[in-house]
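Comments concern the structure below.
In my numbering, the protein residues as written are 671 to 772.
Spelled out as structure tokens, the structure:
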């Protein structure tokens with residue numbers, strides 16, 4: 671499977687620790703979109719999570735361009751998958767996985 675031209679975009683929620691004083695810590699939960707050029711895919715059968723690894727291609731305040739990143743795609747969580755060119759096998763595979771009862 672060629673992965674070099676696949677991209678994934680997903681909203682990611684993470685906690686960031688920001689030290690305000692010597693003894694207190696502010697924890698902020700941030701939701702953001704990350705767009706990653708996918709290098710590898712791994713499926714965790716225990717957690718039922720699909721992990722996409724690759725480099726960030728859109729900079730934001732938390733993640734720089736070219737930073738290596740892992741996106742966890744979970745059941746019932748939205749994500750966007752783009753590819754420059756889709757072949758028939760890829761499209762059929764997505765149809766089967768998206769609508770298994772048809």
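Ideal Cβ positions, reconstructed from N, Cα and C, are used throughout, including at glycine.
Note that this is a predicted model, so its numbers are computed, not measured.
Give me, in chain order, the residues of the same chain whose beta-carbon lies closer than 7 Å to that of residue i; leave out the 5 immediate sequence neighbours on both sides.
{"i": "residue 731", "result": "none"}
{"i": "residue 738", "result": "725"}
{"i": "residue 712", "result": "721"}
Less than 6 Å between C-beta atoms, sequence neighbours within five positions excluded: which residues of the same chain meet that for residue i?
{"i": "residue 674", "result": "Note that residue 674 has pLDDT 44, beneath the 50 cutoff, so the model's placement of it is unreliable and no number is given."}
{"i": "residue 736", "result": "725"}
My understanding is that residue i touches residue j, with C-beta atoms under 8 Å, so please give their C-beta distance in whole angstroms.
{"i": "residue 743", "j": "residue 761", "result": "Not really, about 19 Å apart at Cβ, beyond 8 Å."}
Rounded to whole angstroms, what is the Cα-Cα separation between residue i and residue j?
{"i": "residue 699", "j": "residue 718", "result": "24 Å"}
{"i": "residue 768", "j": "residue 734", "result": "32 Å"}
{"i": "residue 746", "j": "residue 729", "result": "26 Å"}
{"i": "residue 755", "j": "residue 748", "result": "22 Å"}
{"i": "residue 757", "j": "residue 766", "result": "15 Å"}
{"i": "residue 759", "j": "residue 753", "result": "13 Å"}
{"i": "residue 764", "j": "residue 716", "result": "22 Å"}
{"i": "residue 714", "j": "residue 703", "result": "22 Å"}
Is the separation between the beta-carbon of residue i and that of residue j shorter than 8 Å?
{"i": "residue 723", "j": "residue 705", "result": "no"}
{"i": "residue 727", "j": "residue 710", "result": "no"}
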